[in-house]
Amino acid sequence: MTRCWRGCSWGWFMENSAKSRDQIIVQTSMVGIFANIFLAVFKAAIGVFTHSIAITLDAVNNFSDVLSSVITIIGTKLAHRAPDKDHPWGHGRAEYLSAMVIAVIVLYAGVTSLVESVRKLLHPEVPDYTTVTLVIVAVGVLVKILLGNYVKSIGEKVNSESLVDSGQDALMDSVISASTLVAALIFLNLHVSLEAPLGAIISLVIVKSGIDMLRQTTSELLGQRIDIETATEVKELLGSFPQVHGVYDLIFHDYGPGRLNCSAHVEVDDTLTADEIDRLQRSATYKLYEEKNIILTALSVYAINTKDSAVVQMRRQIQSLVMKEEHIIEMHGFYVDGQDVFFDVIVSFDAKDRTAVYQKMYKLVEEVYPEYRFHIALDTDFAVS
128 MTRCWRGCSW GWFMENSAKS RDQIIVQTSM VGIFANIFLA VFKAAIGVFT HSIAITLDAV
188 NNFSDVLSSV ITIIGTKLAH RAPDKDHPWG HGRAEYLSAM VIAVIVLYAG VTSLVESVRK
248 LLHPEVPDYT TVTLVIVAVG VLVKILLGNY VKSIGEKVNS ESLVDSGQDA LMDSVISAST
308 LVAALIFLNL HVSLEAPLGA IISLVIVKSG IDMLRQTTSE LLGQRIDIET ATEVKELLGS
368 FPQVHGVYDL IFHDYGPGRL NCSAHVEVDD TLTADEIDRL QRSATYKLYE EKNIILTALS
428 VYAINTKDSA VVQMRRQIQS LVMKEEHIIE MHGFYVDGQD VFFDVIVSFD AKDRTAVYQK
488 MYKLVEEVYP EYRFHIALDT DFAVS
């Protein structure tokens, strides 16, 4: 949007906010790149020198973390590209694509390391640990804990799934490295080698992490339901205007982190004038963006009959009748125009046959009010059950 408000345009505000966020993501990713290169080189050298498959796999995992950080930077840069003719809402979803690539990399690293671990189980090699080796592995554990907490906290602060995934991966790596250290101590004291079994366990943990990350990013690209907290906050904000009696049909469109759009229906008295409705729409749009950083793309209106007391009573009776039906979770948009009655009902996805529930309710209402023509829409619960 480009309307001016409080001395600046929304486009200018969004662009500069995005620049600041992108700079933070890039800087944080660079910290991760340097830290992981340092750890990967040392662990790889130690793994080869000591014939430790677990430490070698840990080094490979660090190299994959470097690649993940590079992809995070590339995805952030692509996401910041200005809107164009083919992509009027920008390129924000590129961040979700980069998170998906990271998930694939993690999954690939887990599968390849699992194959190597199985090979070591079949053809074992005796590790050769030294005090220096163990000290370096211990330092690596500490670095990974600090790095993981830092990257994850920054990712949550700027709403970057790629950073959150990288941070979580680093914390998981610290556990894996700590397990490697424990295996080394067991070997030195009990002369029992757990290298190959531990390598297999590490690999399975990495594979699971990759699958979980891939499932999450795929769900976001497909258009998953908005979280209940956000939907509830939006409904409460729009419902805070005195003219609004109810908020319904919330539909969200996610165009990338910080690029959430929303449309909604609101119930208002049928006595409101066009200019009063226009002022309501403008005020709601500004307030939603200011407080929640969400763009209100459309605010449609349901008029409530207020001039005829008989119609008001009819609304209450029909609502009571409809809401007694199992799996109907909401009725809204009720309006009577002569002999025509309009309203929407939301049937829960928990219903085995939503259409059957709707038809049963429709028939019941017609039987109670045969003199009216009913126009009942089977609505979808896009936001909150």
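Be aware that the sequence shown starts at 128, since it is given in our numbering, and climbs by one per residue. Glycine included, each C-beta is placed from N, C-alpha and C at the ideal position. Model, not experiment: these values are computed from the prediction.
Check, Outcome
"Spatial distance of Ser-147 from Ile-404 (CA atoms)", "36 Å"
"The region 193 to 205 contacting the region 298 to 316, beta-carbon criterion three pairs below 8 Å", "no"
"Buried/exposed call for Arg-386, threshold 16 Cβ in 10 Å", "buried"
"Residue range of the beta strand (DSSP E) that includes Gly-373", "373 to 381"
"Ala-209 burial status per 10 Å Cβ neighbour count (16 or more: buried)", "exposed"
"Cutoff 8 Å; reference Lys-487; Cβ partners in own chain excluding five residues on either side", "Glu-452"
"Alpha-carbon to alpha-carbon, Met-340 and Ser-306", "23 Å"
"Cross-strand partners of Ser-390 (DSSP beta bridge)", "Ile-378 and Ala-425"
"Cβ shell of Lys-362 (< 7 Å), same chain only, five flanking positions each side left out", "Val-374 and Leu-377"
"Rounded C-alpha distance that separates Gly-138 from Gln-150", "With a pLDDT of only 47 at Gly-138, under 50, the local geometry of the prediction cannot be trusted, and the value read off the model is given with reservation. Distance between the alpha carbons of Gly-138 and Gln-150 is about 18 Å."
"Neighbour-count burial assignment, Glu-394, 16 or more Cβ in a 10 Å radius", "buried"
"Range covered by the alpha helix (DSSP H) that runs through Tyr-462", "From DSSP, Tyr-462 is part of no alpha helix (DSSP H) but of the beta strand (DSSP E) over 455 to 464."
"Through-space distance from Ile-333 to Leu-234, alpha-carbon basis", "7 Å"
"Short CB-CB distance (under 8 Å) between Ala-171 and chain B", "Among the chains of the structure shown, chain B does not appear; only one protein chain is present."
"Within the region 278 to 342, ranges of the alpha helix (DSSP H) (whole runs, at least 4 residues)", "288 to 317"
"Among Ser-410, Leu-273 and Ser-280, nearest to Gly-366 - alpha-carbon criterion", "Ser-410"
"Cβ-based burial, Gly-465 [other Cβ within 10 Å; buried from 16]", "exposed"
"C-beta atoms of Ile-431 and Glu-457 nearer than 8 Å", "no"
"Local Cβ density within 10 Å of Ile-503, reported as buried at 16 or more and exposed below that", "buried"
"Cα-Cα separation between Ile-272 and Ala-391, rounded to whole angstroms", "44 Å"
"Contact check, Ile-164 vs Ser-240, beta carbons under 8 Å", "no"
"DSSP-derived helix/strand/coil call for Phe-368", "coil"
"Cβ separation of Phe-169 and Ile-263, assumed to be a contact under 8 Å, to the nearest whole Å", "6 Å"
"Cβ-based neighbour list, Tyr-485, same chain, cut-off 8 Å, excluding 5 preceding and 5 following", "Val-472, Val-474, Ile-503 and Leu-505"
"Local Cβ density within 10 Å of Lys-434, reported as buried at 16 or more and exposed below that", "exposed"
"Same chain only: Cβ atoms within 7 Å of Leu-205, ignoring 5 sequence neighbours per side", "His-218 and Ala-221"
"Buried or exposed by the 16-neighbour rule on C-beta atoms within 10 Å, applied to Met-227", "buried"
"Cα-Cα separation between Gln-408 and Tyr-382, rounded to whole angstroms", "22 Å"
"Continuous alpha helix (DSSP H) stretch holding Leu-448: start and end", "436 to 450"
"Rounded straight-line distance, which links the Cα of Arg-406 to that of Tyr-416", "16 Å"
"Ala-430 (DSSP reduced to helix, strand or coil)", "strand"
"Range covered by the beta strand (DSSP E) that runs through Asp-471", "467 to 474"
"First through last residue of the alpha helix (DSSP H) which encompasses Ile-404", "401 to 419"
"Rounded straight-line distance, which links the Cα of Asn-276 to that of Phe-140", "Summary for Phe-140: the model assigns pLDDT 43, below 50, so the residue's position carries little reliability; its value from the coordinates is reported in the next sentence. Those two C-alpha atoms are separated by around 30 Å."
"8 Å Cβ cutoff met for Glu-494 and Lys-419", "no"
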